[in-house]
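Shown next, in structure tokens, is the structure this report addresses.
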Amino acid sequence: MKPILAFSLVLALAACGDSAPPPKPAAPEPTTPPPQAAAPAPKAPEVKPEAPKPDPNKELAQRVKSALEKDGKIQAAAIDVTVKEGRVSLWGTAATAGERNRAAQIAGKVDGVASVDNQIKVVKGS
180 MKPILAFSLV LALAACGDSA PPPKPAAPEP TTPPPQAAAP APKAPEVKPE APKPDPNKEL
240 AQRVKSALEK DGKIQAAAID VTVKEGRVSL WGTAATAGER NRAAQIAGKV DGVASVDNQI
300 KVVKGS
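In terms of the numbering used here, the sequence shown has 202 at position 23, counting the first letter as 1, and numbering is strictly consecutive.
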């Protein structure tokens with residue numbers, strides 16, 4: 180029984196020692212390359228908002244108004260012009276029937292005018 184006791188004593192003394200346990204062997208380096216950053220996703224093409232298309236009715240109304248203003252015999256400031264699909268309506272007042280008729284003639288000669296609805300009222304004494 181002495182050999183078992185001696186062996187137990189050796190184990191007990193070895194466990195009480197101040198020495199640190201032997202270092203563990205280092206783990207081998209992984210052989211896979213480190214992950215690379217993913218390439219950035221391509222940007223979607225930037226969609227620019229379309230410029231607002233000019234209103235053809237407003238453009239034609241402006242051309243008619245300009246033609247009336249260029250005529251020195253018409254008080255164009257007293258006449259409003261509206262347009263719908265090429266049909267021009269003249270609104271406002273004129274001093275004479277001749278001024279009223281002249282406004283309609285000038286409006287009818289502007290390119291793009293299909294017809295003229297003359298609603299200008301003749302005001303005597305203006």
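The beta-carbon is built from N, C-alpha and C at its ideal position, and this holds for glycine as well.
Check                                                                                              : Outcome
Given 8 Å, three or more beta-carbon pairs between the stretch 269-285 and the stretch 248-256     : yes
Proximal residues to Val-301 (C-beta, below 7 Å), its chain only, five neighbours per side dropped : Ala-273, Thr-275, Ala-276 and Arg-279
Sub-8 Å separation of Gly-265 and Ala-293 beta-carbons                                             : yes
Beta strand (DSSP E) segment containing Ile-258, residue limits                                    : 258-263
Beta-carbon proximity check, Val-267 vs Val-243, cutoff 8 Å                                        : yes
Closest by C-alpha distance to Ile-299, when choosing among Ala-223, Val-260 and Asp-290           : Val-260
Val-243, enclosing alpha helix (DSSP H) - first and last residue                                   : 235-249
Whole-Å CB distance - Leu-239 paired with Gly-291, under 8 Å assumed                               : 5 Å
Beta-carbon gap between Val-289 and Leu-269 smaller than 8 Å                                       : no
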